[in-house]
Amino acid sequence: MLDLKFIRENPDIVRKALKDRALKLDIEGLLKLDDSRRKILSELEELRAGKNKANEEISALLKAKSDAADKIASMKEASGKIDMLENELKEADAGLNSFLLSIPNIPHSSIPIGDASRKEILRSWGKPPEFDFKPATHIELSQRLGIIDFARATKISGSNFILFKGWGARLERALINFMLDLHTEKHGYTEIFPPFLVNRSSMTGTGQLPKMEEDMYRLKDDDLFLIPTAEVPVTNIFRDEILNEEDLPVYYTAYTACFRREAGSYGKDTRGLMRVHQFDKVEMVKFVKPATSYDELEKLVVDATEVLELLGLPYRVAVLPTGDLSFSASKCYDLEAYAAGIGQWLEVSSCSNFESFQARRANIKFRNKVTRKPEFVHTLNGSGVALARTVAAILENYQQKDGSVVIPEALRPYLNGKERITSEG
RNA sequence: GGUGGGGUGGCUGAGCGGUUGAAAGCGGCAGUCUUGAAAACUGUUGUGGGGACUUCUCCCCACCGUGAGUUCAAAUCUCACCCCCACCGCCA
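Numbered according to my numbering, the first sequence spans residues 2 to 426.
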């Protein structure tokens with residue numbers, strides 16, 4: 002959420018942000034609404050001040066056992082007017098609020114302006130493996146090795162669910178442990194294991210609601226949502242709280258399953274592990290002081306890329322243009338790992354700075370040590386990294402001519418030292 | 001799921017229709033004392049919004065789980081909802 006006062010004072014910046022994001026919102030209407038709300042408010046406050054004064058007088062008269070009937074009668078009339086204005090104010094507030102919740106964050110000045118085609122590759126690491134045979138896709142490989150059962154997952158749950166089996170399941174578990182260990186032991190994050198179901202306030206705090214409700218799995222009877230990412234429960238840890246300045250920065254990491262309806266996305270990238278309704282992810286979340294948030298973003302990217310480097314996966318770092326930026330983010334780097342079988346770069350991580358956008362929605366502050374006043378923190382998060390696609394990249398890049406898959410060295414300690422997965426097991 | 005108790009400021013906890021934004025204690029901050037610290041004492045200490053003045057500040061409004069209602073007047077009364085605690089039942 003943007004600061005209303007900021008919008009009022011800088012409508013041009015907001016207009017430009019919307020234009021760069023290729024969105025149309027009626028900012029004029031918003032400003033008009035804001036203006037009329039403030040008119041109502043000042044009239045109302047004047048009346049309420051009068052009422053408070055009259056109240057004291059009535060109280061004094063009654064205490065002195067004098068007659069207060071006149072005053073009480075005129076108060077009754079004033080109260081009626083106040084009621085009316087309060088209703089008007091409530092209406093204006095509701096309109097203003099829902100409008101504010103629908104305005105996306107302002108893109109950072111350093112990112113390219115335009116649609117997805119303006120995505121900029123900043124750097125890359127490693128080089129795609131070369132084979133003296135035609136490399137198979139992760140779908141073929143996992144079928145042959147018997148480590149993913151797509152058909153039965155569909156029988157059990159529906160299309161675009163996956164079922165890992167045997168060494169596939171163990172590989173998944175090894176990856177989770179490997180990533181959590183790296184972030185906790187080497188990068189200084191504290192591990193969190195949060196709830197996978199969250200309430201409406203939490204989903205609103207991080208910006209999934211109200212705009213993207215149809216993309217979320219929702220339990221109607223309880224009004225709870227399956228988390229689309231650990232970002233939601235972990236960022237909301239400090240919702241409605243004021244932290245001490247010396248407690249910042251806070252670094253959290255969490256493994257969770259992630260649930261996405263992917264409504265309307267059928268047909269694109271839906272084969273195999275590319276786009277599934279449930280996947281595992283290790284996420285990193287930071288709460289930092291505003292002045293440091295862009296340095297923290299760079300460090301976040303390094304923490305995420307180290308996962309890929311240790312796994313020996315070639316990757317590239319892209320900065321997303323304004324038109325591709327998620328609703329809540331000011332700036333976002335995507336990490337793409339190369340998968341040799343399908344010959345594509347797969348997005349396995351997004352690292353974003355939300356500045357105060359989520360903090361304002363979720364009301365997360367810290368107390369400035371000098372001024373003693375609360376200020377909004379900046380929040381960031383990044384995948385470190387998403388598993389399904391990473392598994393696809395590992396299978397495809399580490400495949401051998403005989404159809405087996407070599408296990409990246411960094412994972413072997415998590416798999417009893419096993420060096421390769423073969424169709425025999 | 002059943003029964004009972006309860007949600008007040010950073011925390012503990014009073015208040016249960018009329019200067020109560022809210023006693024008291026703890027904590028925090030500043031000062032006195034001290035070589036320094038502790039102790040003691042003194043002062044100060046919620047959040048959000050609007051306005052005046054525009055960088056010292058002042059004024060006004062709202063907020064006692066949430067929402068509706070009763071009343072001239074609600075933290076205080078009524079109703080609904082949410083949440084928490086205890087015990088019982090069920091259960092991984």
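Virtual Cβ for every residue (Gly too), placed ideally from N, Cα, C.
Computed from a predicted structure; not experimentally measured.
Ranked by Cα distance from Pro105, the first of Ile73, Ser327, Asp68, Gly115 is Ser327. In this structure, Glu337 sits away from His139, with a CB-CB distance that is not shorter than 8 angstroms. A contact between stretches requires three or more CB pairs, one per stretch, nearer than 8 angstroms, and the region 243 to 250 meets this requirement with the region 362 to 377. Tyr295 carries a helical assignment under DSSP once its states are collapsed to helix, strand and coil. In the displayed model, Gln209 falls within coil according to three-state DSSP, outside both helix and strand. Close CB contacts of Ile148 within its chain, under the 8 angstroms cut and outside five residues either way in sequence, are with Phe165, Lys166, Gly167, Trp168, Gly169, Ala170, Leu172, Ile422 (chain order). Contact check for Ile28 against Arg38 fails: the beta carbons are separated by 8 angstroms or more.
Setting aside the 5 residues that flank it on each side, Leu225 is surrounded in the same chain by Leu198, Val199, Asn200, each with a C-beta closer than 7 angstroms to its C-beta; the list follows chain order.
Within a 10 Å sphere around the beta-carbon of Leu227 sit 16 or more other beta-carbons, which makes this residue buried. DSSP, reduced to helix, strand and coil, places Leu274 outside both helices and strands of the structure shown, so it counts as coil. Secondary structure within the region 183 to 236: the beta strand (DSSP E) runs of 3 or more consecutive residues, fully enclosed, are 191 to 193, 198 to 200, 225 to 227 (chain order). Collapsing the DSSP output to three states places Leu34 in a helix. Nearest to Leu32 by C-alpha distance, out of Glu10, Leu45, Ile41, is Glu10.
The region 378 to 397 and the region 273 to 284 touch, with three or more beta-carbon pairs separated by less than 8 angstroms. Cβ contact annotation for Leu123 (same chain, cutoff 7 angstroms, sequence separation greater than five): Val318, Ala319, Val320, in chain order. Beta bridge pairing from DSSP links Pro375 with Arg368.
CA-CA distance, Pro113 to Lys120, rounds to 7 angstroms.
Two segments are said to touch when three or more pairs of C-beta atoms, one from each, lie closer than 8 angstroms; by this definition the region 370 to 387 touches the region 282 to 293. Here DSSP, grouped into helix, strand and coil, assigns Thr257 to strand. DSSP places Ala61 in the helix class (H, G or I) of the three-state scheme.
Note that the C-beta distance between Ala18 and Asp116 is not below 8 angstroms. In the DSSP secondary-structure assignment, Lys332 is bridged to Asn354.
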